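In the numbering used here, the protein residues as written are 19 to 130.
Using N, Cα and C, we set each Cβ at its ideal position, and we do this for glycine too.
Here the structure is a predicted model, which means the values were calculated and not measured.
Below you can see the structure in the form of structure tokens.
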């Protein structure tokens, strides 16, 4: 990977970390039965994983969601969220990579 590609990947991963944090913190639907909430952050975790791969999915999910927990007043859940949401992004990225590549080439399913 050349320097420009590494910087581009880092920038897009950072963008998705911010989007996950924002959508998780701002767009919350409370669930009284669990004292938790439903949010839109997962959509950006999956987007990062499918567009930029498992590594970006992991970092967007782990850092973005853990930051959202801290900012939303649930800091005690942040360590668990880091690994759970990071794993979600990692697995989604691996599945996406496997589904849309065939022998190292983009499959027809990914093109349209």
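In the pairwise beta carbon analysis, the stretch 44 to 62 is classified as touching the stretch 78 to 86: at least three pairs are separated by under 8 Å.
DSSP lists 48 as the bridge partner or partners of residue 55.
Taking the Cα of residue 111 as reference, the smallest distance to any Cα among 95, 93, 49, 77 is reached at 77.
Looking at the backbone, the Cα of residue 37 and that of residue 67 are separated by about 13 Å. One alpha carbon belongs to residue 72, the other to residue 90, and they sit about 26 Å apart.
One Cα belongs to residue 98, the other to residue 107, and the distance between them is close to 14 Å.
Per DSSP, residue 95 lies in no alpha helix (DSSP H) and is assigned neither H nor E.
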